[in-house]
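Q: In the order they appear, the protein sequences are chains A and B. The opening residue of the first sequence carries number 1 in UniProt numbering; numbering runs sequentially from there. The opening residue of the second sequence carries number 1 in UniProt numbering; numbering runs sequentially from there. I have a structure I would like to understand better, so I am pasting it below and will then ask my questions one at a time.
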Amino acid sequence: MNILAISLIAMGGLGLFFAVVLGIASQKLKVQEDPIVEDVFSALPGLNCGACGFAGCHDLAEKIAAQGSLDNLGCPPGGAKAAAAISKILGIDAGNQIEKRAVIKCGGTRELAKERADYNGVKNCTAAELVGGGAKACSYGCLGFGDCETVCPFDAIQVGPDGLPHVIEEKCTACGLCVEACPRKIIELVPCSNRIVVACNSNDKGGEVRKACKVGCIACTLCVKTAPEGYSINCNLARVNYENGDSAADSAIAKCPTKCIVRL
Amino acid sequence: MKTFAKGIHPSYCKNETKGLRIVEAIAPLKVIILLHQNLGASCEPLVKVGDDVALGQKIGETSKFVSAPVHASIAGKVTKIEKLPHPCGTNVLSIVIEGSGDDSRKLENSIFESRGIENISHLEIRAAVKEAGIVGLGGAVFPAYVKLSPPKDKKIDTILVNGCECEPYITADHRIMLERAEDVVKGAKLVAKACNAGRIIFGVEANKKDAIKVLREVVRHKPEEGIYDGLEVVELATKYPQGGEKMLIKAVLDRAVPSGGLPLDVGVVVANVGSCVAIAEAVFMGLPLIKRVVTVTGSGICEPKNLLVRIGTTFKDIIEQCGGLTADAYKVIMGGPMMGVAQYTLDVPVVKATSCILVLAKKDVEEEKIYPCIKCGRCVRNCPMNLVPTRLAAYANSGKFSDFDEWGGQDCMECGCCVYVCPAKIPIVQLVKLGKLKLRQMK
Chain A
1 MNILAISLIA
11 MGGLGLFFAV
21 VLGIASQKLK
31 VQEDPIVEDV
41 FSALPGLNCG
51 ACGFAGCHDL
61 AEKIAAQGSL
71 DNLGCPPGGA
81 KAAAAISKIL
91 GIDAGNQIEK
101 RAVIKCGGTR
111 ELAKERADYN
121 GVKNCTAAEL
131 VGGGAKACSY
141 GCLGFGDCET
151 VCPFDAIQVG
161 PDGLPHVIEE
171 KCTACGLCVE
181 ACPRKIIELV
191 PCSNRIVVAC
201 NSNDKGGEVR
211 KACKVGCIAC
221 TLCVKTAPEG
231 YSINCNLARV
241 NYENGDSAAD
251 SAIAKCPTKC
261 IVRL
Chain B
1 MKTFAKGIHP
11 SYCKNETKGL
21 RIVEAIAPLK
31 VIILLHQNLG
41 ASCEPLVKVG
51 DDVALGQKIG
61 ETSKFVSAPV
71 HASIAGKVTK
81 IEKLPHPCGT
91 NVLSIVIEGS
101 GDDSRKLENS
111 IFESRGIENI
121 SHLEIRAAVK
131 EAGIVGLGGA
141 VFPAYVKLSP
151 PKDKKIDTIL
161 VNGCECEPYI
171 TADHRIMLER
181 AEDVVKGAKL
191 VAKACNAGRI
201 IFGVEANKKD
211 AIKVLREVVR
221 HKPEEGIYDG
231 LEVVELATKY
241 PQGGEKMLIK
251 AVLDRAVPSG
261 GLPLDVGVVV
271 ANVGSCVAIA
281 EAVFMGLPLI
291 KRVVTVTGSG
301 ICEPKNLLVR
311 IGTTFKDIIE
321 QCGGLTADAY
331 KVIMGGPMMG
341 VAQYTLDVPV
351 VKATSCILVL
361 AKKDVEEEKI
371 YPCIKCGRCV
381 RNCPMNLVPT
391 RLAAYANSGK
401 FSDFDEWGGQ
411 DCMECGCCVY
421 VCPAKIPIVQ
431 LVKLGKLKLR
441 QMK
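Okay, here's the thing in structure tokens:
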């Protein structure tokens, strides 16, 4: 009984003492923070993914508050929503923010793209690219070891059983880390409103593309002829003119002889 | 017997080819001359498509210091200048020459032909070596004339001639020492003259007793030519990687090359026996480097051979001359099994670095399951550079490249001892290579 009372009083007393000390300290040593930083920080997603190029969300919030605008600063995962919220806090115009997501510009699955050798090396894309470009016959296509999957902080890319990564659009925040991680630069951030993409990245001439892959762009220019507004061809590769929208590109899908123009 | 600390004892597999004389390969009708065959800068083409080139004509050169020109290895017409696969994996600018079969043009004889070594100046040797496009033929392909031009403040006292050939399977240097010992010694003397060094030591592994005997005879029986003191042949323990230049210097002279340094920092120049022969040919005969000895061997080759091959001959042409591939041939490697590079096509040409074309049958290639590291420390015990390979691999794998650098990842010479001894079959050296490349890209 006695011991219980003593320990209760002692521990309670100590607790009370430290509570008072900490309470005084928190008032006396309070750091005055810019309230705008706090507000901007709370408008950010809080993922600390680093896609903005700073150490974390708080760091970005400080930079935005100091600059007072969103010029050259931005949160890719937060997208238009975060930009609108931050603009409101800063009292500026949000401008026209386009929501984007990552798109894989390769359709060469295990069945469709030829392999030229067995690759037994380190199972990541960067290492495979070092050893003569891995197993695939196409030197532009996806290597399929999932460096993009590893780097994605949102689990928005997964390499499927077909050997190609697939983007889960609901999870993708267009942070761009996968674009950086891919040694072959086959991932591009495309506005969410554009559903039609050219799923090929090869700059090789048509004959070589055909030798390596069944669904490669052979730069036959049929798409440009069918829908001149929708496509352009550069370095033996067709490209959708995203700014003209899907309607301009639509008519060429059926015409593409290798079926490398796809609707996602 | 002299040696270095650590290292491994793989099975050497040299019996297939070590008794076979070097045979001159049939001149191919088409060669692919890559414009990047040396450590350092690439060459610029000196010819255009459609030009006629003569045997030994210089067709690629650059003004950068660390570089070596390339020469036409057959006479003929330039048919293509485009990017083609390099045996090391990348695509590099190459000159394709289709031959007329006319190899009659005699190369101009060297002005030094009749003069003795003592009457040739060190500048003349350097100029001849540079013009001939000679690089280190042991595999590192470091331009030879850069080696022969040490900075003024570095005093070179010893030339080490590397006849170790510690990589399994390869016997090219072994045969060169047996068949061309005189040229090896002549070349070594030229290197010594160019570097103003007083001592020449030949380092040969103990598994090449016949080569040691031949070299000793040449060195001992020609004292009147030997204007340098201390021509010495040292027998070294048979251990991998005895032929690594830092290992060789440690074993023979007990000097340690500092981290990030070169052999000339400890007063040594190391030259491979093949390079010595090339240097002797360049100076005394005016021959550019257009041929080299290649060992073609392995369980996937019908008739293993030591061939004197023109640089630019495709692997396919060479393998055809060796009876072709066996039915179960599976993996083609340029170089030895420890440090060589696997190939995905046989259309790649022989480059100055090609010491061996190794073809393994399916039964000799195991794809092993990779297990987690159990921290046994075998890689640490066997790393000849005294690194901690397991940690370097972990850093490279997890993208911590600054830690990788701090733990000396740049010092790795990629010998592969760590992978050889790893019970978990972790691709350590491959990961370290990845780390080194990433660091280079980041700088």
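Backbone N, C-alpha and C define an ideal beta-carbon position, used for all residues, glycine too.
Let me check understanding here. Comparing Cα to Cα, which of B:30, B:253, B:154, B:78 lies closest to residue 47 of chain B?
A: B:78
Q: Measuring alpha carbon to alpha carbon, tell me which residue in B:393, B:1, B:200 is nearest residue 156 of chain B.
A: B:200
Q: Taking Cβ to Cβ, would you say residue 197 of chain A is nearer than 7 Å to residue 177 of chain A?
A: no
Q: Using a C-beta to C-beta distance shorter than 8 Å, which residues of chain B count as neighbours of residue 130 of chain A?
A: 89, 433, 434, 437
Q: To the nearest angstrom, report how far apart residue 228 of chain B and residue 198 of chain B are at their CA atoms.
A: Note that residue 228 of chain B has pLDDT 48, beneath the 50 cutoff, so the model's placement of it is unreliable and no number is given.
Q: So, for residue 343 of chain B: in the same chain, excluding its five sequence neighbours on each side, which residues have a beta-carbon less than 8 Å away from its beta-carbon?
A: 87, 315, 332, 333, 334
Q: So residue 116 of chain A contacts chain B; which residues on that side make the cut at Cβ distance below 9 Å?
A: 344, 345
Q: For residue 346 of chain B, which residues from the same chain have a beta carbon less than 8 Å from its beta carbon, with the 5 sequence-adjacent residues on both sides left out?
A: Within the same chain, and ignoring the five residues on either side of residue 346 of chain B in sequence, the residues whose Cβ sits closer than 8 Å to its Cβ are 314, 315, 316, 319, 332.
Q: Out of B:368, B:115, B:177, which has the shortest C-alpha to C-alpha gap to residue 462 of chain B?
A: One cannot answer for residue 462 of chain B here, as it falls past the ends of chain B, which runs 1 to 443.
Q: For residue 126 of chain A, return the contacting residues in chain B, with the cut-off set at a CB-CB distance below 9 Å.
A: 434, 437, 438
Q: Would you tell me roughly how many angstroms separate the C-alpha atoms of residue 376 of chain B and residue 19 of chain B, rounded to the nearest one?
A: 40 Å
Q: CB residue 247 of chain B to CB residue 404 of chain B, shorter than 7 Å?
A: Taking 7 Å as the Cβ cut-off, residue 247 of chain B and residue 404 of chain B do not qualify as a contacting pair.
Q: Using beta carbons (cut-off 7 Å, strictly below), is residue 427 of chain B in contact with chain A?
A: Contacts with chain A at 7 Å (Cβ-Cβ) include residue 427 of chain B.
Q: Quick check: residue 17 of chain B and residue 297 of chain B, are their CB atoms within less than 7 Å of each other?
A: Result yes, Cβ atoms of residue 17 of chain B and residue 297 of chain B sit closer than 7 Å.
Q: Does the Cβ of residue 161 of chain A have 16 or more other Cβ atoms within 10 Å, making it buried, or fewer, making it exposed?
A: Around the C-beta of residue 161 of chain A, fewer than 16 other C-beta atoms lie within 10 Å, and the residue is accordingly described as exposed.
Q: Could you say if the stretch 112 to 130 of chain A and the stretch 142 to 156 of chain A meet the contact criterion of at least three C-beta pairs nearer than 8 Å?
A: Touching, yes, given that three or more Cβ pairs across the two stretches are closer than 8 Å.
Q: For chain A, find out if any of its Cβ atoms is closer than 7 Å to the Cβ of residue 57 of chain B; answer yes or no.
A: no
Q: Under 7 Å, do residue 44 of chain A and residue 57 of chain A count as touching if we go by C-beta distance?
A: yes
Q: Mapping the DSSP letters down to three states, classify residue 251 of chain A as helix, strand or coil.
A: Under the three-state reduction of DSSP output, residue 251 of chain A falls in the helix class.
Q: Starting from the beta carbon of residue 367 of chain B, find every residue of chain A whose beta carbon is closer than 7 Å, and list them in chain order.
A: Proximity of chain A to residue 367 of chain B at the Cβ level (cut-off 7 Å) is accounted for by 120, in chain order.
Q: How would you label residue 158 of chain B, buried or exposed, when you count the other beta carbons within 10 angstroms and need 16 or more for buried?
A: buried
Q: Taking DSSP as the reference, what is the three-state secondary structure of residue 388 of chain B?
A: coil
Q: Measure the alpha-carbon distance for residue 444 of chain B versus residue 372 of chain B and round it to whole angstroms.
A: Only positions 1 to 443 of chain B appear in this structure, which leaves residue 444 of chain B out of reach.
Q: Of the residues A:156, A:101, A:210, A:190, which one's Cα is nearest the Cα of residue 141 of chain A?
A: A:210
Q: Would you report the Cα separation of residue 226 of chain B and residue 219 of chain B, rounded to the nearest angstrom?
A: Below a pLDDT of 50, predicted positions are generally treated as unreliable, and residue 226 of chain B, at 48, falls in that range; the measurement from the model is reported next regardless. Going from the Cα of residue 226 of chain B to the Cα of residue 219 of chain B covers about 8 Å.
Q: Could you confirm whether any beta carbon from chain A is found closer than 7 Å to the beta carbon of residue 242 of chain B?
A: no
Q: Does DSSP put residue 356 of chain B in a helix, in a strand, or in coil?
A: strand
Q: Report buried or exposed for residue 24 of chain A, applying the criterion of at least 16 other Cβ atoms within 10 angstroms of its Cβ.
A: Label assigned to residue 24 of chain A: exposed.
Q: Taking Cβ-Cβ distances shorter than 7 Å, what residues in chain A pair up with residue 430 of chain B?
A: The answer, in chain order, is 121, 122, 127.
Q: Take residue 76 of chain B as the anchor and find which of B:97, B:154, B:299, B:163 has the nearest alpha-carbon.
A: B:97
Q: Hey, out of A:208, A:246, A:226, whose CA is closest to residue 218 of chain A's CA?
A: A:208
Q: Measure the C-alpha to C-alpha separation of residue 28 of chain B and residue 351 of chain B and round it to an integer number of angstroms.
A: 15 Å
Q: Nearest by alpha-carbon distance to residue 295 of chain B: which of B:171, B:212, B:250 is it?
A: B:171
Q: If residue 154 of chain A sits next to residue 171 of chain A, beta carbons under 8 Å apart, how far is it from one beta carbon to the other, in whole angstroms?
A: 5 Å
Q: Classify residue 64 of chain A: buried if its beta carbon has 16 or more other beta carbons within 10 angstroms, exposed otherwise.
A: The residue is buried, with at least 16 neighbouring Cβ atoms inside 10 Å.
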